[in-house]
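Report on the structure given below.
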Amino acid sequence: MHEYTHAVVGKMLPELRVTDKADLNDARRQYDNYLRLLKELNLELIDIETDAFFPENIVFEDLAIVCHGIVLFPRPISATEEIIMDALKEVMQKNLGQTIMDVTDPEAKLAGSDVLFT
Numbered sequence: 063m064h065e066y067t068h069a070v071v072g073k074m075l076p077e078l079r080v081t082d083k084a085d086l087n088d089a090r091r092q093y094d095n096y097l098r099l100l101k102e103l104n105l106e107l108i109d110i111e112t113d114a115f116f117p118e119n120i121v122f123e124d125l126a127i128v129c130h131g132i133v134l135f136p137r138p139i140s141a142t143e144e145i146i147m148d149a150l151k152e153v154m155q156k157n158l159g160q161t162i163m164d165v166t167d168p169e170a171k172l173a174g175s176d177v178l179f180t
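Count along the sequence shown starting at 1, add 62, and that's the number in my numbering.
Have a look at this one:
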């Protein structure tokens, strides 16, 4: 069994920019519960602040594949993903000492959800 030590999460700011579909109060409640559960798992939380809009600035799903000290980043499919990936790369390399690898082949298609760890 692998032991996890850190969780990298987006930072919910007071001046959070939301889409017209988002309920800010409900989002804050869910976010607080999410952080509480991660802390109950004894994970050290690392907050990342980006210029992305909610909910992309909070949830980093499918943006990287992390295994044994290596972080593989697929090519971003939007400007928002690129902003978030740049922030994630900095944290993963500088704060956590991970090796960063980027998919650079323009023909390659890969998302974090393409990988299933068992």
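Quick reminder that beta carbons are idealized off the backbone N, C-alpha and C, glycines included. Every value quoted in this text rests on a predicted model; they were computed, and no experiment measured them.
| task | Determine the DSSP secondary structure at Leu86, reduced to helix, strand or coil. | result | If DSSP states are grouped into helix, strand and coil, Leu86 belongs with the helices.
| query | Which residues in the same chain have their Cβ closer than 8 Å to the Cβ of Leu105, if we skip the five residues on either side of it in sequence? | reply | The residues are Tyr66, Thr67, His68, Ala69.
| task | Check whether the segment 119-130 touches the segment 166-179, counting contact only when three or more Cβ pairs, one atom from each stretch, lie closer than 8 Å. | result | yes
| query | Of the choices Leu100, Glu111, Asp85, Ala170, whose alpha-carbon is the least far from that of Met74? | reply | Glu111
| request: Helix, strand or coil for Thr142, going by three-state DSSP, please let me know. | output: helix
| DSSP state of Asp167, grouped into three classes? | Asp167 falls in the coil class under three-state DSSP.
| Can the beta-carbon of Val121 be found less than 9 Å from the beta-carbon of Leu97? | no
| Reduced DSSP secondary structure (H/G/I, E/B, other) of Val153 | helix
| task | Determine which residues share a DSSP beta bridge with Ile108 and list them. | result | Val70
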